[in-house]
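To start, the structure under review is shown below, and the notes come after it.
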Amino acid sequence: MGDPKQSIYRFRRADISIYNEVKARIQECGAVCRLTANFRSVHSIGDFINGQFVGKFPSSETEVQAAFVKMETRATDPKGARKTPHGIYVLPYPKMPGGKAAVAQADAEQIARYIAWACHNGNLQIVDRDGGTRNAVPSDFLILTKKREFIHLYAEQLDSFGVPADTSGSTTVYEELLALYQLARYLEDSSDKPALLAVMRGMLFGLSDRQLWVYKQDGYSVSLFDLPTLAACGDEAKAVVMVLGRLQIYKGWVRTLSAAAAFSQIVDDLGILPYVSTLPAGSVRAGTLVRMLQLLHGDPAASSSWSELCRLIEHMLADRGMETSSLYAGGNQAVRIMNLHKAKGLEAPLVFLACPCGESDYDATQYIDRSADSASGYFTISKSIGEFKKEVIAQPLGWSEMNERERAFSNAEKDRLLYVAATRPKQMLVISLYPDQPTKCPWTPLVDGMDLARELDVLTMNPEKKMELTEGPDLQKVAEDRHLRVEAISEPTYAVLSVTGLAKASGDTPEWSAEGKGRAFGSVVHRTIELLGKGFSESELEDTIRFLADEEGMAEELNSEAVRVVRSVVSSELWQRSLRARRRLFEVPLMIRKNADLIRGFSHAGSAASEVAAASEGTGSIMHAYVRGVIDFLFEEEDGWVIVDFKTDSVTEEKQQSFIDFYRPQVQTYASEWEQTFGYKVKEAGLYFISLQKHVTIGQSVV
349 MGDPKQSIYR
359 FRRADISIYN
369 EVKARIQECG
379 AVCRLTANFR
389 SVHSIGDFIN
399 GQFVGKFPSS
409 ETEVQAAFVK
419 METRATDPKG
429 ARKTPHGIYV
439 LPYPKMPGGK
449 AAVAQADAEQ
459 IARYIAWACH
469 NGNLQIVDRD
479 GGTRNAVPSD
489 FLILTKKREF
499 IHLYAEQLDS
509 FGVPADTSGS
519 TTVYEELLAL
529 YQLARYLEDS
539 SDKPALLAVM
549 RGMLFGLSDR
559 QLWVYKQDGY
569 SVSLFDLPTL
579 AACGDEAKAV
589 VMVLGRLQIY
599 KGWVRTLSAA
609 AAFSQIVDDL
619 GILPYVSTLP
629 AGSVRAGTLV
639 RMLQLLHGDP
649 AASSSWSELC
659 RLIEHMLADR
669 GMETSSLYAG
679 GNQAVRIMNL
689 HKAKGLEAPL
699 VFLACPCGES
709 DYDATQYIDR
719 SADSASGYFT
729 ISKSIGEFKK
739 EVIAQPLGWS
749 EMNERERAFS
759 NAEKDRLLYV
769 AATRPKQMLV
779 ISLYPDQPTK
789 CPWTPLVDGM
799 DLARELDVLT
809 MNPEKKMELT
819 EGPDLQKVAE
829 DRHLRVEAIS
839 EPTYAVLSVT
849 GLAKASGDTP
859 EWSAEGKGRA
869 FGSVVHRTIE
879 LLGKGFSESE
889 LEDTIRFLAD
899 EEGMAEELNS
909 EAVRVVRSVV
919 SSELWQRSLR
929 ARRRLFEVPL
939 MIRKNADLIR
949 GFSHAGSAAS
959 EVAAASEGTG
969 SIMHAYVRGV
979 IDFLFEEEDG
989 WVIVDFKTDS
999 VTEEKQQSFI
1009 DFYRPQVQTY
1019 ASEWEQTFGY
1029 KVKEAGLYFI
1039 SLQKHVTIGQ
1049 SVV
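Here the sequence shown stands for residues 349 to 1051, where the numbers follow the working numbering.
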């Protein structure tokens, strides 16, 4: 399934050409169905999209563009427009100095102000699918930008209004990341004095020029070696000695620990994570730092070598930087902010198409021709002229035609990007505009031809003043509370009982013979019977028992006895009877959940029953128990199921009744669960004593 009008990944070789090729292949052996219903957006948004894109998409698909298909929305417009605004709104800005950064800053502030107002005291209502309304929360809002450059501004402005935000796609490089890279580079080469001074004067330590000057005037060397004592220094020089002392410790960590461990320990010692979390967009800044640590630990070379760690950090921060990540990424109570390419497939009740600046139109630098069986690629070679201009110094033959074809693909994809942007909202779409420079605004084509667009009314609301703490937290109480929480969640919430264990606790233990052959013998016999029942050849019986005996640790001298016992079972009347049955099952495992009332049904459940009962009364942590067991053998006859439990105990005729009484609860439990839990009728349940070659039927009353 795919919508060609949302094909926006030509740069990933997933463009309209690939879509058309796949569709053509499907048509050769199947059918292509056109879907037009939209269950997301309200009618007014659907009408807007149909009206604006009927002229942007052709009536029939072309090589570069999908055909226009009218969107048929199913959701009606909400009633009562004051608290449930819906449809299309614009947020225009007057001409202002400062370039695109100023425009983005103004837009971020206005959008943050509106969202803060909307989430306050139910000022804005969201209409649910069932027609009911609820108060708007931050997760109802989605902010989309065409490019990634200014995503961080929107998170910072929302943070200033006390609204949580989660960014995706932003590559801004925060000051603390650069400072940590600077520190890492210095620790790689501690002879670099300029780097040392930069680290000491930077945000991590913040020494002033005067403090460094006084330290030097006192005759000390700015170095990690031969540090003076604090007692020998004046007040201003002491700060320098303390910083050099910390760097000396960090250098020791770099020498003795793995690179990633040393870096993490340095970050922890600096306290930079809690510090940046208090800054504007703190959750994003802290989350980005955590993401950096995660990437460093995940890279084998960087986690073991300090030089490789420095190189990886440099790579992360180069060009457009490392993609940011919120400390609470994946949460559902934050405004989502991302670039448009990240938004495909997403939706939100209210969507802002933000950052009305930065749009540009350039000639192509590459062209991919997929018209032949094998694709061919062409590209130009350029050199920079100044800071913002490039000159083409080499290009393929026929590049002018290729350039025009690529521009046709590019322009068609721009229209599809607009379509993706416009189809994200459920209830309301707000479009930021910069009318003074419409060609610089990526959203201008969305409002082409609109005579009247409602302007969003952003009410005055001041940023939230952050509360200043005048005293530190009670760390001892925090630690005690944490210990109590850990203890509480460490308490078991369920018990595990075995049917066999319940049976063995139910009455007097029979007197086992000293001639018993042990648990391993019983396991070998049970497994061999299961294999034969599932179709294993009896001609390979001896080899099978030899193999299983080795696995189970059974004495070799018991092999012949195991062969004799298994042959006696498969030649028994019970086995022959099972061969005529509808179905046969072997070694069927059971795991059944029981609450306190059901556990009491087991008269000998012991402490587990008491614990479950106590929890049901609010005085214990165990809320239920799992009863597990394995039914050796079942077969279904015309009038019900027969349950058989094989017993390999050495039983004599004189002691047979004590063994029957001992194992009765186990078989009765199996029969009861087979009927009550699985709904099958049990006609017969019994024990098969292998040593006696005797099948004993047991009554089915439940213990």
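No residue lacks a Cβ here, since even glycine has one placed at the ideal position from N, Cα and C. These figures come from a predicted structure and were not determined experimentally.
request  = Could you pull out every residue in the same chain whose Cβ sits closer than 7 Å to the Cβ of D709, ignoring the five residues on either side in sequence?
outcome  = none
query = Going by C-alpha distance, which of D784, P1013 and E1021 is nearest T1045?
reply = P1013
ask   = Mind checking whether H645 and A608 have CB atoms under 7 Å apart?
value = yes
task = Let me know if K450 comes out buried or exposed under the rule of 16 or more other beta-carbons within 10 Å of its beta-carbon.
result = Note on residue identity: the sequence assigns Ala, not Lys, to residue 450. Exposed, because fewer than 16 other Cβ atoms sit within 10 Å of the Cβ of A450.
query = If L595 and L572 are in contact, beta carbons under 8 Å, what's the gap, nearest whole angstrom?
reply = 6 Å
ask   = What residues match up with K431 in a beta bridge as DSSP calls it?
value = In DSSP, K431 forms no bridge with anything.
request  = Identify, in the order they occur along the chain, each residue of the same chain with its Cβ nearer than 6 Å to the Cβ of S732, setting aside the five sequence neighbours on each side.
outcome  = K738
key: Proximity to E986 [Cα-Cα], best of T1025, K1029, F1007 and A973   = K1029
request  = Going by CA-CA distance only, name the one from D993, I991, K431 and F736 that's closest to H468.
outcome  = K431
request  = Please report how far the alpha carbon of R558 lies from the alpha carbon of L545, in whole angstroms.
outcome  = 13 Å
key: Whole-Å CB distance - P697 paired with K586, under 8 Å assumed   = In fact, because the Cβ distance is near 57 Å, the residues do not count as touching under 8 Å.
request  = Would you decide whether E504 is buried or exposed? Buried here means 16 or more other CB atoms lie within 10 Å of its CB.
outcome  = buried
query = CA-CA distance, S908 and I940?
reply = 38 Å
task = Taking only the alpha-carbon atoms, compute the straight-line gap between S1039 and D1009 and give it to the nearest angstrom.
result = 17 Å
ask   = Looking at the unbroken beta strand (DSSP E) that takes in A513, where does it start and where does it end?
value = A513 to S516
request  = Check the DSSP bridge columns for E803 and list the partner residues they point to.
outcome  = V438
key: Beta-carbon spacing of L701, W791 below 7 Å   = yes
task = For H831, count neighbouring Cβ atoms within 10 angstroms of its own Cβ and tell me buried if that reaches 16, exposed if not.
result = exposed
message = Tell me the residue span of the beta strand (DSSP E) that contains W290.
response = Only positions 349 to 1051 of the chain appear in the structure, and residue 290 is not among them; the question remains open.
ask   = Residue ranges of each beta strand (DSSP E) run of no fewer than 3 residues wholly in the segment 442-512, ordered along the chain?
value = 473-475, 481-483 and 489-493
request  = Tell me whether S791 sits in a helix, a strand or coil according to DSSP, three-state version.
outcome  = For the sequence presented, residue 791 should be read as Trp rather than Ser. Three-state DSSP puts W791 in coil, outside helix and strand.
ask   = Taking the Cβ atom as the reference point for each residue, do L575 and V589 lie within a distance shorter than 7 Å?
value = yes
task = Tell me whether G966 is buried or exposed, calling it buried when 16 or more other Cβ atoms sit within 10 Å of its Cβ.
result = With a pLDDT of 46 at G966, under the threshold of 50, the modelled position of that residue is not reliable, and no figure is offered here.
task = Could you tell me which of D980, G734, F405 and C581 sits nearest to Q565, measuring between CA atoms?
result = C581
request  = Using three-state DSSP, classify I970 as helix, strand or coil.
outcome  = coil
task = Kindly provide the ranges of any alpha helix (DSSP H) runs that are 4 or more residues long and lie completely inside the segment 745-780, ordered along the chain.
result = 747-770
ask   = Along the chain, which unbroken stretches of the alpha helix (DSSP H) at least 4 residues long are found entirely within the segment 522-579?
value = 523-536, 541-549 and 557-565
ask   = Of all the options V475, I877 and R753, which has the alpha carbon lying nearest to the alpha carbon of H434?
value = V475
request  = Return the first residue and the last residue of the alpha helix (DSSP H) that R373 is part of.
outcome  = I364 to C377
request  = Just mark Q924 as buried or exposed, buried being the case when its beta carbon has 16 or more other beta carbons within 10 Å.
outcome  = exposed
task = Starting from H1043, follow the beta strand (DSSP E) in both directions and report where the run begins and ends.
result = K1042 to I1046
inquiry  = Restricting to Cα atoms, I'd like to know which of R482, P440, F498 and L506 is closest to I463.
reply    = L506
request  = Could you check the C-alpha separation between G630 and H689 for me, to the nearest Å?
outcome  = 25 Å
ask   = Can you check whether the CB of T636 is closer than 7 Å to the CB of T672?
value = yes
message = Using a Cβ distance threshold of 8 Å, determine whether the segment 387-401 contacts the segment 759-776, with at least three qualifying pairs required.
response = yes
query = Looking at C-alpha atoms only, which residue of M750, M551, N810 and L526 is the closest neighbour of I716?
reply = M750
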